[in-house]
Amino acid sequence: MRAPERERAERRRTHVLPVQVDAGTPERARPRDPVLAALPRGEGKTAVVIEANALRHSPIGELLLDCLMRDGGKRLQELRNLSGVDPLQDLDRLVITDEGMMLSGNFGNAKFKELLGERVSMDYGEGARVYEPGDMTVTRPDGTTARGRSEAAVATWNNELLVIGKSPDEVKAVVDRVEGRGPDEPPAISEGSTYGEMYGVLSVDQLARLLPKEQAELADRIRRVAQNVELHVDASGDVAMVAEVRGANGDEVTDLGKTLGAALSMARIKAQAEGEKDLAQLLDFARVQPDGTSFKLEMAVPLDVIKQRLAFCKEERSAAEAAER
C-alpha cells in the first residue's frame, strides 16, 4: 500500500465495536472500517470495491465525468434532486458482492424516507432501518409522479451505508456483520488489500463465467484448479489491472496460466483478422505472468489510448453546455 492509501485506511476506522473479554478485564474498543466489516465472510466469495471518490479525482475519472455529463449534466442534476445525494461529492465507495450492492459515503441529506416511505420498514440493530421489497412513488423532474415496484430489499445504516439485497434477511445479515453480530471470520477483503482505485476478490466461478462459450473447457479448468482470485486496478496514471489467480497445485496453476495466455493470443489474432481493432489493441495490452502456485493476468492500458477512445464524450459535453448558454 502507498502512504496515502494507508492513511485512507486508518481514517476509515470509525466504528467502535466493544470486544467481549473475560470477567474482571476491562472491555477494549477496536475501531474498524464499517465497509470492510460489512463484507461477506469465508473463501470463494465475490466482493469488489470501487473507490468512487478516488476514481473521480484520477486522470481517467475526469474522462469518465465527461461521459457522464454528455447531456450537459441534466441527468446528474435530476439524480441529485430526486435522491438528495450528489454522487460527485457524497459517494465514497461502491461495493459489489454475491449478495447485492453497497454504497458508502455521506448520506445525511439523502431522501431515503421519501423514496422508500411506502414500503414496510423497521428499525434494526443499533443504527439501521430495513425496507422490505414493495411499491414506490418517484417524482419526475417536471413534477409529475410515477409508481413502480422494486423487488430488492434495502437497509440504511447511520447515514453512511446503503445496502441493497435480494431479501430483508440478506440486508440484515450485512448490518449484523457491521455491528459485530456476524460470524467470527475475517472479511473477504483485508485492510492490507485496500489499495488501488478498484480492488477485491472474485469467486472462481465468477471468473470462469467471464469467458466466452467457446472457451468452456478452459472455464472448467479454472473451476478445478484455481482457489481464489484477487483483483487490483490502479488508475493513478495509465490504467493497470492485475488479477492474481492462486491454486493449491503449482504445476496445474502454471499450466492453467500458459493455457490462458495462449487463449488471449488466439483471441487477439482472431480480433485482428475480423477487423475488431479496438478489441485487438486491448488484448495486446494483456499478458500472463506465472509465479509458482499463482499467476498474474496483467493489463496496462495507456491513458493516451483511453483519451482517444473517449474524446467524443468531451466534445458532446462541450456542445451540450454551449447550447445551454
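Here my numbering is used: the first residue of the sequence shown is -13, the next is one more, and so on. C-beta: ideal position from N, C-alpha, C; glycine also.
By the Cβ rule, the region 202 to 211 counts as touching the region 239 to 256, because three or more pairs are nearer than 8 Å.
Per DSSP, residue 295 is one residue of the alpha helix (DSSP H) stretching across 289 to 295. Using a 10 angstroms sphere on the CB of residue 19, the tally of other CB atoms reaches 16 or more, which defines it as buried.
Following the DSSP letters along the chain, one finds residue 69 inside the alpha helix (DSSP H) bounded by residues 60 to 69.
Non-local beta-carbon contacts of residue 281 in its own chain, meaning distances under 8 Å to residues more than five positions away in sequence, involve 230, 231, 239, 240, 242, 243, 246, 274, 275 in chain order.
Residue 158 carries a helical assignment under DSSP once its states are collapsed to helix, strand and coil. Excluding residues up to 5 positions away in sequence, 82, 186 lie with their Cβ nearer than 6 Å to the Cβ of residue 34 in the same chain. Under DSSP, residue 281 shares a beta bridge with 231, 276. Annotation: residue 176 is outside any beta strand (DSSP E) and is labelled neither H nor E by DSSP. Non-local C-beta neighbours of residue 289 in its own chain, meaning closer than 8 Å and more than five positions away in sequence, comprise 45, 46, 223, 224, 225, ordered along the chain. Between residue 141 and residue 174, the gap from beta carbon to beta carbon reaches 7 Å or more. Within the region 88 to 166, the complete beta strand (DSSP E) segments of 3 residues or longer fall at 107 to 110, 114 to 117, 120 to 125, 131 to 136, 139 to 143, 147 to 151, listed in chain order. Check the Cα spacing between residue 94 and each of 147, 216, 103: the tightest is with 147. In this structure, the CA atom of residue 166 is about 20 Å from the CA atom of residue 31. Straight across, the Cα-Cα distance linking residue 17 with residue 0 is about 6 Å.
Closest option to residue 293, judged by alpha-carbon separation, among 249, 50, 60: 50. With respect to the 7 Å criterion, residue 111 and residue 310 are not classified as neighbours on the basis of their beta carbons. Assignment of residue 246 by DSSP, reduced to helix, strand and coil, places it in the helix class.
Between residue 188 and residue 208, the CB-CB gap reaches or exceeds 7 Å.
Between the beta-carbon of residue 118 and that of residue 26 there is about 22 Å, and that puts the pair past the 8 Å contact cut.
When secondary structure is reduced to three states using DSSP, residue -9 falls in the helix class.
Distance from the CA of residue 176 to the CA of residue 22, rounded to the nearest whole angstrom, comes to 7 Å.
Nearest in C-alpha terms to residue 36, of all of 80, 54, 144, is 80. Residue 120 is positioned such that its CB atom lies no closer than 7 Å to that of residue 96.
The residues 131, 133, in chain order, have a CB closer than 6 Å to that of residue 123 in the same chain once the five nearest residues on each side in sequence are set aside.
Leaving aside the five residues that flank residue 255 on each side, none in its chain has a CB nearer than 6 Å to its CB.
In the three-state DSSP reduction, residue 257 falls in the helix class (H, G or I).
Exposure of residue 2 is indicated by the presence of fewer than 16 other C-beta atoms within 10 angstroms of its C-beta. Residue 307 counts as exposed, since fewer than 16 other C-beta atoms from the protein chains shown sit within 10 angstroms of its C-beta.
Taken through DSSP and simplified to helix, strand or coil, residue 29 comes out as coil.
Contact between residue 303 and residue 52 holds: CB atoms are separated by about 5 Å, below the 8 Å threshold. For residue 201, there is no enclosing alpha helix (DSSP H), as DSSP marks it with neither H nor E.
Counting along the chain, residue 186 sits inside the beta strand (DSSP E) bounded by residues 184 to 188.
For residue 250 against residue 257, the beta-carbon gap comes to about 11 Å, at or over 8 Å, which does not count as contact. For residue 217, the enclosing beta strand (DSSP E) begins and ends at 212 to 220.
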